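Reading through the structure tokens given below for one structure.
2 protein chains.
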Amino acid sequence: MRILVIGGAGMVGRKLIERLARDGRLGGQAITALTAHDVVAPARIEAPFPIEARVSDISVPGEAAALVADRPDVIFHLAAIVSGEAEADFDKGYRINLDGTRYLLDAVRVIEGYVPRFVFTSSVAVFGAPFPEAIGDEFFLTPLTSYGTQKAIGELLLADYSRRGLLDGVGIRLPTICVRPGKPNKAASGFFSGIIREPLNGQEAILPVSEDVMHWHASPRSAVGFLLHAATMDTAPLGARRSLSMPGLAVTVGEQIEALRRVAGDKAVALIRREPDPVVQTIVAGWPRRFDAARAESLGFKAESSFDEIIRIHVEDELGGKVPL
Amino acid sequence: MRILVIGGAGMVGRKLIERLARDGRLGGQAITALTAHDVVAPARIEAPFPIEARVSDISVPGEAAALVADRPDVIFHLAAIVSGEAEADFDKGYRINLDGTRYLLDAVRVIEGYVPRFVFTSSVAVFGAPFPEAIGDEFFLTPLTSYGTQKAIGELLLADYSRRGLLDGVGIRLPTICVRPGKPNKAASGFFSGIIREPLNGQEAILPVSEDVMHWHASPRSAVGFLLHAATMDTAPLGARRSLSMPGLAVTVGEQIEALRRVAGDKAVALIRREPDPVVQTIVAGWPRRFDAARAESLGFKAESSFDEIIRIHVEDELGGKVPL
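Respectively, the protein sequence lines represent chains E and X. Quick note: to get the working numbering, add 5 to the position in the first sequence (first position is 1). Quick note: to get the working numbering, add 5 to the position in the second sequence (first position is 1).
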């Protein structure tokens, strides 16, 4: 089985490749080769199969065709210009997120008799406020950003190409990934991970919102699990509706903090410094808080059931299993 | 005021231009020039302002830019490859319906300080079965054809470009237009018009479905009215949701026939020959039957309130006001 990961240098892409390297197989079949593609060189990962790193821009005509020329059995398309950048740079967002995705779909389409599994990471940004208390899969597409628009278009194309038998697509809308490893970044959502990650490292974290803010989370390990399940599941029950909101956990910031206290004690919690930021508060107020992922759950997708579990996964996967405090 | 009609050779495009020629003005402003564009030469129409006919393919790069170079104040984009052809010819459907639409939107976008009203004819094909009893504007986008997919993508682009202030878009999803003038065609929906139009001409019409089949209709005159209202309405109340299902009339075939009897008598009705066609019955069974167009109605869009009225409009507009029988 040959696998292509587009967006292989990102956090989720890297964790996906590490997991595939560890498993050596996917859906009961041995992996014989993997191509890790991105605009920057993906990290070297040891695996029982050859991993080819490729660096290029999928929005350059011809590049997508080159990537699928050896007919990978499974294509993971994780590459995207993120929300803030797609909003700031109109051309770049549409070029990568819309044209790049379409080039990939078309590169697959034109190869006679080739119908790979095509896993597309969509986003909850396909939905825009005002929201119901829990957003179901039948909530209408109302993106309020160019990024959300581009992802919604990707979902529509994925469904049409799948319906026509040109590929076998599954679109997954990921929750906010928490605890995100690495350094703090400037994303407005960064504090959801920061208030856990920094205290576990003995460092101070800034909390810019109040503790009653609720958000929708899943661990990086769950994100990889969603991708693997999307790559191997029976797609017949999807019918014409190829994109799914993934399961997750709706917790308030206050509940996150209490989970941190249970896992790492009062000393960790004491490192969280409240510094209300009206700009971040306003952005976060427009975000979805909870989804009804019944459809994905009934199709076998699974996420964490407590925030304690999300923290423990971070400790296991990023901190060698030890709470440092 | 300068107007551009793309798709000016089609039935609705022609009627729109005839109406604009008759009115001489739009939204209280005198029309100074109109460009009628299509892939075939639009019919010559007399008007109190110059009408330039242009023939080209909007999916050829550069053509869209040439069309909007003189900055029309209102752009009506009615051009499309129809459902059956877009399904049969994948490349052509995506090239005209998606690329062509995007070229137009982008041609407008790149002109600094130019924000025209952009009226886009979408379609109820953005929705796919299973349907609720009446389909509201918040029903999720579930196209089951490539045509519906392309129209749904057009709606998403229109909303994003409008949100960013690049143009001032309104998308309208038209009901089935009835009574469609002209000769019988092979569209599966053709009989809805045929069972009225042919008997009024003293000709036999075939009815391939049972009389309890319900469908969603508006007259060609209403279709033109929707376009004019979309071109002149205040778009502020639309917010980020730029596309609307138009009002119409849900009637059964039996109700259509009784309306024909009231308008044109038993002799007309006797010209309808029942010839059940299982293929047409199956196609029609998958179509939406009724919409809840409350949002469009509250914004001032109006359709007929009885099928008698729809028949009388046909008699007035196509038969010189006289019922020929």
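Beta carbons: idealized from backbone N, C-alpha and C, even for Gly. Computed from a predicted structure; not experimentally measured.
C-alpha distance - residue i paired with residue j, whole-angstrom precision
{"i": "Glu280 (chain X)", "j": "Ala269 (chain X)", "result": "22 Å"}
{"i": "Gly253 (chain X)", "j": "Leu179 (chain X)", "result": "8 Å"}
{"i": "Arg226 (chain X)", "j": "Asp313 (chain X)", "result": "14 Å"}
{"i": "Val45 (chain X)", "j": "Met16 (chain X)", "result": "13 Å"}
{"i": "Pro1 (chain E)", "j": "Phe296 (chain X)", "result": "Summary: the structure shown does not reach residue 1 (chain E), with chain E confined to residues 6 through 330, and so no result is reported for it."}
{"i": "Gly105 (chain E)", "j": "Leu83 (chain E)", "result": "11 Å"}
{"i": "Val328 (chain E)", "j": "Arg185 (chain E)", "result": "16 Å"}
{"i": "Leu146 (chain E)", "j": "Ile200 (chain E)", "result": "32 Å"}
{"i": "Val113 (chain X)", "j": "Val129 (chain X)", "result": "26 Å"}
{"i": "Asp62 (chain X)", "j": "Ile101 (chain X)", "result": "8 Å"}
{"i": "Ile315 (chain X)", "j": "Ser64 (chain E)", "result": "50 Å"}
{"i": "Ala290 (chain X)", "j": "Ala26 (chain X)", "result": "39 Å"}
{"i": "Ile158 (chain E)", "j": "Val285 (chain E)", "result": "28 Å"}
{"i": "Gln261 (chain E)", "j": "Leu110 (chain E)", "result": "39 Å"}
{"i": "Leu304 (chain E)", "j": "Gly170 (chain E)", "result": "21 Å"}
{"i": "Phe81 (chain X)", "j": "Gly32 (chain E)", "result": "51 Å"}
{"i": "Ser333 (chain X)", "j": "Arg294 (chain X)", "result": "Residue 333 (chain X) is absent from the structure shown; chain X starts at 6 and stops at 330."}
{"i": "Lys3 (chain X)", "j": "Leu161 (chain E)", "result": "The question about residue 3 (chain X) has no answer here: the residues shown for chain X are numbered 6 through 330."}
{"i": "Asp94 (chain X)", "j": "Leu39 (chain E)", "result": "34 Å"}
{"i": "Gly326 (chain E)", "j": "Trp221 (chain E)", "result": "25 Å"}
{"i": "Ala4 (chain E)", "j": "Ala228 (chain E)", "result": "An answer regarding residue 4 (chain E) cannot be provided, because it is not within the stretch 6 to 330 covered by chain E."}
{"i": "Ile116 (chain E)", "j": "Ile36 (chain E)", "result": "22 Å"}
{"i": "Pro47 (chain X)", "j": "Ala139 (chain E)", "result": "50 Å"}
Boundaries of the beta strand (DSSP E) in which residue i is found, first to last residue
{"i": "Phe81 (chain E)", "result": "Val79 to His82"}
{"i": "Ser64 (chain E)", "result": "Run containing Ser64 (chain E): none; DSSP gives neither H nor E here."}
Residues sharing a beta bridge with residue i, DSSP
{"i": "Gln34 (chain X)", "result": "X:Leu31"}
{"i": "His42 (chain X)", "result": "X:Ile11 and X:Arg59"}
{"i": "Trp221 (chain E)", "result": "E:Ala255"}
{"i": "Ala210 (chain X)", "result": "X:Ile277"}
{"i": "Ser250 (chain E)", "result": "E:Arg178"}
{"i": "Phe54 (chain E)", "result": "According to DSSP, which records beta bridges pairwise, Phe54 (chain E) is partnered with nothing at all."}
{"i": "Phe296 (chain E)", "result": "E:Ile140"}
Among the options, the one whose alpha carbon lies nearest that of residue i
{"i": "Ala210 (chain E)", "options": "E:Arg247, E:Leu162 and E:Leu265", "result": "E:Leu265"}
{"i": "Pro242 (chain E)", "options": "E:Arg300, E:Ala38, E:Met6 and E:Ser310", "result": "E:Arg300"}
{"i": "Glu302 (chain E)", "options": "E:Ala193, E:Met238 and E:Gly195", "result": "E:Met238"}
{"i": "Ala298 (chain X)", "options": "X:Pro55, X:Ser250 and X:Ala93", "result": "X:Ser250"}
{"i": "Gly29 (chain X)", "options": "X:Glu51, X:Lys188 and X:Arg76", "result": "X:Glu51"}
{"i": "Leu172 (chain E)", "options": "E:Val124, E:Thr181 and E:Ala275", "result": "E:Val124"}
{"i": "Gly230 (chain X)", "options": "X:Gln208, X:Ile36, X:Gly18 and X:Glu203", "result": "X:Gly18"}
{"i": "Leu217 (chain E)", "options": "E:Pro204, E:Leu205, E:Ala255 and E:Gly259", "result": "A small correction: the amino acid at residue 217 (chain E) is Asp; Leu does not occupy that position in the sequence shown. Comparing Cα positions, the closest option is E:Gly259."}
{"i": "Tyr119 (chain X)", "options": "X:Ala93, X:Ile140, X:Val73 and X:Arg27", "result": "X:Val73"}
{"i": "Gly195 (chain E)", "options": "E:Thr181, E:Gly207, E:Asn206 and E:Gln208", "result": "E:Thr181"}
{"i": "Ser224 (chain X)", "options": "X:Glu90, X:Gly325, X:Ile36 and X:Arg317", "result": "X:Arg317"}
{"i": "Pro135 (chain X)", "options": "X:Trp292, X:Ser215 and X:Arg278", "result": "X:Trp292"}
{"i": "Ser248 (chain E)", "options": "E:Arg49, E:Ser127, E:Lys191 and E:Leu232", "result": "E:Ser127"}
{"i": "Leu276 (chain X)", "options": "X:Asn206, X:His222 and X:Thr287", "result": "X:Asn206"}
{"i": "Asp43 (chain X)", "options": "X:Glu68, X:Pro137, X:Arg278 and X:Thr37", "result": "X:Glu68"}
{"i": "Gly12 (chain X)", "options": "X:Val87, X:Thr37 and X:Ile36", "result": "X:Val87"}
{"i": "Pro55 (chain E)", "options": "E:Glu90, E:Ala91, E:Leu9 and E:Lys97", "result": "E:Leu9"}
{"i": "Glu323 (chain E)", "options": "E:Cys183, E:Asp282 and E:Arg49", "result": "E:Cys183"}
{"i": "Val131 (chain X)", "options": "X:His234, X:Thr150 and X:Gly174", "result": "X:Thr150"}
8 Å contact criterion, which residue i and residue j should meet: CB distance rounded
{"i": "Ala71 (chain X)", "j": "Ala58 (chain X)", "result": "In fact, because the Cβ distance is near 14 Å, the residues do not count as touching under 8 Å."}
{"i": "Asp78 (chain E)", "j": "Pro121 (chain E)", "result": "6 Å"}
{"i": "Ala245 (chain E)", "j": "Arg168 (chain E)", "result": "6 Å"}
{"i": "Pro148 (chain X)", "j": "Tyr108 (chain X)", "result": "The pair is not a contact, with the Cβ atoms about 21 Å apart (cut-off 8 Å)."}
{"i": "Asp75 (chain X)", "j": "Arg7 (chain X)", "result": "6 Å"}
{"i": "Gln155 (chain X)", "j": "Leu103 (chain X)", "result": "5 Å"}
{"i": "Met219 (chain E)", "j": "Ala192 (chain E)", "result": "The Cβ separation is near 18 Å, so there is no contact."}
{"i": "Ala273 (chain X)", "j": "Pro204 (chain X)", "result": "4 Å"}
Host alpha helix (DSSP H) of residue i (start-end)
{"i": "Val285 (chain X)", "result": "Pro283 to Ala290"}
{"i": "Phe123 (chain E)", "result": "Premise fails: Phe123 (chain E) lies in the beta strand (DSSP E), Arg122 to Ser128, not in any alpha helix (DSSP H)."}
{"i": "Pro135 (chain E)", "result": "That residue, Pro135 (chain E), is in no alpha helix (DSSP H); it is neither H nor E in DSSP."}
{"i": "Glu302 (chain E)", "result": "Ala299 to Ser303"}
{"i": "Ser88 (chain E)", "result": "Ser88 to Ala93"}
{"i": "Leu172 (chain X)", "result": "Per DSSP, Leu172 (chain X) belongs to no alpha helix (DSSP H) and is neither H nor E."}
{"i": "Leu205 (chain X)", "result": "Gly195 to Leu205"}
{"i": "Phe145 (chain X)", "result": "Element bounds for Phe145 (chain X): n/a, residue is neither H nor E."}
{"i": "Phe312 (chain X)", "result": "Phe312 to Glu323"}
{"i": "Asp75 (chain E)", "result": "Asp75 (chain E) -> no alpha helix (DSSP H), and no H or E assigned at all."}
{"i": "Tyr108 (chain X)", "result": "Thr106 to Arg114"}
query: Residues in the segment 157 to 186 of chain E with C-beta within 8 Å of chain A's C-beta atoms, listed in sequence order?
result: Looking at the structure shown, chain A is missing, and the protein chains on hand are E and X.
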